[in-house]
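Contents: one structure, followed by commentary.
Residue numbers (our numbering): 2 to 233.
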């Protein structure tokens, strides 16, 4: 499945397994964020909007809910490189559209996957809201012009690079909450020497994730087109 920035989200998910490897410390907002990530993992349904902060473009939407058999129905769709892509699962069948070609992905295909409440899609477990206490180097609590509280975390690059095949050169995150304590958004900024521009300068990525339709989704339409007609 394509992702808004494959390197970013793959890195985010792969690093999540490091939780607990190092001694935890108390940082501003740490208790609130840990509680929020656990709450997100228990949602019955929701929709994630992932926006490229450099361009302001909504690049990916991921939505899911659990059916009566606790199978996870999900839809991931967006634009990348000017091309639409989508991946839809009804809990048993998987459909994917890339480069204008739609297909029903059979269970023998190496990219086939299905998810349940017991073993959910990684996007729906709270892991996209990256937070690993033991790898944080510094943190600060800020207040914006609207009275929202923002917790900034700056990660230790040396520690990260010791456990990655990536040459990370920048990694910071931000969590924002309104004056009533409601979660507003998550932002991540990072760069890696493995991803450079034409001049060899590391490319910096920045994106924002917001959550919508919490516990209110009961249906997702399959947009994948096969043979000129939408699959139902």
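Ideal Cβ placement from N, Cα and C applies to all residues, glycine included.
Asked	Found
What residues in its chain sit with their C-beta under 6 Å from that of residue 53, if we drop five residues either side in the sequence?	60, 208
State the Cα-Cα distance for the pair residue 45 and residue 158, rounded to the nearest angstrom.	35 Å
Do you know whose CA, among 191, 69, 146, 85, lies nearest residue 117's CA?	69
Suppose the cutoff is 8 Å on Cβ atoms and the five residues either side in sequence are ignored; what does the same chain contact list for residue 149 look like?	177, 178, 179, 180, 185
Give every residue of the same chain whose Cβ lies closer than 6 Å to the Cβ of residue 141, excluding the five residues on either side of it in the sequence, and list them in chain order.	153
If I measure Cβ to Cβ from residue 213 and keep anything under 6 Å in the same chain, skipping five residues before and after, which residues do I get?	48
Helix, strand or coil: which one does DSSP assign to residue 121?	coil
Can you tell me which of 225, 201, 26, 36 puts its alpha carbon nearest to the alpha carbon of residue 183?	36
Which same chain residues, not among the five before or five after residue 211, have their C-beta less than 7 Å away from its C-beta?	50, 186
What did DSSP end up calling residue 215 once you bin it into helix, strand or coil?	coil
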